[in-house]
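With mature numbering (1 follows the signal peptide of the UniProt record, and there is no 0) as the guide, the letters of the sequence shown map in order to residues -17 to -1, 1 to 139.
Written out below as structure tokens is the structure these notes cover.
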Amino acid sequence: IKMRAFVLLLVIACAYAQEAEPEAKAAVVPQQIPKTCFGCMCEAASECDTKTGCLGDVCGPFRITWGYWADGGKPTLNNESPNTEGAWTRCVNDPFCAANAVQGYMDRFAQDCNGDGVINCDDYVRIHYLGGYGCSGPLPPKYENAYKTCMTTFSG
């Protein structure tokens, strides 16, 4: 596990947590994603490689697509218009802005994917990889193992 990248994501997640304002929804009240969860989602997605850029239609350390970014509220850097050319790639390649997109996506799609009766990081990682409409499906072993190893290493 790349400790430096993980620490970077924890710092970014802390900064996001200080700025985030909870917003209520009818069925599920969005919750702030825990810092460790942000870090382990990033670790599973790309080993938190902040220099990866875009590969095909996925970009940044969280490996976000345009559709995911749009569903996550289209956050941008420096309050630029989300309609500005390249706004989405600039955002998702920036760890702080990408974390905002992930939080927005989870606010929209939070659900109990694994049927254990709670919505937690185990669900968020599934939503992140499988999407908001297919999160009960199986995770690829490499992705799931990276996530579980990270959570075991850095939780509690």
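We put the beta carbon where it would ideally sit given N, CA and C, even for glycine.
- In the structure shown, Ile102 adopts coil according to DSSP, grouped into three states.
- By the criterion of a C-beta distance shorter than 8 Å, Thr67 is surrounded in its chain by Thr59, once the five residues flanking it on both sides are discounted.
- Under the Cβ criterion (8 Å, minimum of three pairs), the segment 119 to 138 counts as touching the segment 20 to 36.
- The beta-carbon separation of Tyr88 and Gly55, rounded to 4 Å, stays under the 8 Å limit for a contact.
- Val75 and Lys57 have their C-alpha atoms some 10 Å from each other.
- One alpha carbon belongs to Pro17, the other to Ile102, and they sit about 12 Å apart.
- Between Cys42 and Thr72, the beta carbon gap of about 5 Å places them in contact (Cβ cut-off 8 Å).
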